[in-house]
Amino acid sequence: SAVISQKPSRDICQRGTSLTIQCQVDSQVTMMFWYRQQPGQSLTLIATANQGSEATYESGFVIDKFPISRPNLTFSTLTVSNMSPEDSSIYLCSVMWQGETQYFGPGTRLLVL
Amino acid sequence: GQQVMQIPQYQHVQEGEDFTTYCNSSTTLSNIQWYKQRPGGHPVFLIQLVKSGEVKKQKRLTFQFGEAKKNSSLHITATQTTDVGTYFCAGRDRGSTLGRLYFGRGTQLTVWP
């Protein structure tokens, strides 16, 4: 299995600012994903990030708002730009392990005031 | 597009009662996976079903994959307080991009002692 860490684990931010979330995996993986989860809600896929290519964004999410980097096979970042209170959520990274199952990071709990 | 529907959204049971959550896909799936998310935690992989009509058991948990590979269920026998959490199904469309999972909205299980 893959062990995933995320930084920060939580943050409180002012509207209009940006926050970059880091995701580190202990193994090399091809596919990484970024999800958003509102409290008590399901997982919403933001984008798929493969190393060496541009991230693929889901409908309703754009690169200007959620720029993603994937510099190597063990690391990715998601930036939440120009934040508003509506961006308050839990942000989760996950990896596809051996082409089958997904392992999730512990999540970043974001509150925007 | 691909949709995975899951019911019920909430379920409250007395400890010792059984619990079932159902998952239906709008298209035929190549496989279906189940995840559990404890309160305050992140989704954790439970099991994957691949074959038509497949049934798998993990102690008190029974997972089924429909004959048409469009529906699935998770049944918990004699629930315990440790079963509390949200259970998500996630399907991979037979024709989708490798790695893309479609998550149901989840069933939030509460177990009263």
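Going down the list, the sequences are from chains A and B. Heads up: the first sequence begins at 223 in our numbering, then just goes up one per residue. Heads up: the second sequence begins at 28 in our numbering, then just goes up one per residue. We treat Cβ as the ideally placed atom computed from N, Cα and C, and that holds for glycine.
With a contact defined as Cβ atoms closer than 8 Å, R292(A) and A277(A) qualify at about 7 Å. For the stretch 126 to 139 of chain B, the set of positions with a beta-carbon nearer than 8 Å to some beta-carbon of chain A reads G126, R127, L128, F130, G131, R132, G133 and Q135 in chain order. In this structure, T270(A) lies away from F288(A), with their beta-carbon atoms at least 8 Å apart.
Taking 7 Å as the Cβ-Cβ cut-off, the stretch 59 to 72 of chain B approaches chain A at Q60, H69, P70 and F72, given in chain order. The Cβ atoms of L136(B) and D120(B) do not sit closer than 8 Å to each other. Listed in chain order, the non-local C-beta contacts of S52(B) below 6 Å within the same chain comprise V31, K97 and G118, local neighbours out to five positions each way being set aside. The DSSP-derived three-state label of D309(A) is helix. For G112(B), the closest of P70(B), C50(B), D45(B) and Q60(B) by C-alpha to C-alpha distance is P70(B). Contact of Q30(B) with chain A is not assigned, every C-beta pair being separated by 8 Å or more. When C-beta atoms of the stretch 325 to 333 of chain A are compared with those of the stretch 35 to 51 of chain B, fewer than three pairs fall below 8 Å, so the two segments do not count as touching.
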